[in-house]
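Step one of this worksheet: look at the structure below.
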Amino acid sequence: MTKLEIKGSWNEVKGKLKQKYAHLTDDDLLFVDGKDDELLGRLQKAIGRTKEEIRAEIAAL
């Protein structure tokens with residue numbers, strides 16, 4: 357999934373991630389243009405997966 361695709365469907369992806377990982381907060385899932393790595397870092401810390409695994413999971417949603 358490209359940055360543009362993530363941006364366009366982020367609200368949908370965010371909802372699905374919150375359903376799967378109920379402990380995620382809105383702060384964990386805050387998407388800011390140009391800060392993709394920061395978002396992945398927060399998710400990596402919160403769910404204990406690698407950035408590559410998180411990217412693949414988001415792409416699969």
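Residues in the sequence shown are numbered consecutively from 357, following the working numbering.
Even glycine gets a Cβ: it sits at the ideal position worked out from N, Cα and C.
Query	Result
Whole-angstrom C-beta distance between residue 384 and residue 402, which should lie under 8 Å	5 Å
Inter-residue CB distance, residue 372 and residue 417 (contact presumed, cutoff 8 Å)	5 Å
DSSP three-state assignment for residue 392, whether helix, strand or coil	helix
Residue 389 to residue 395 span [Cα, whole Å]	10 Å
Boundaries (first-last residue) of the alpha helix (DSSP H) holding residue 371	366–376
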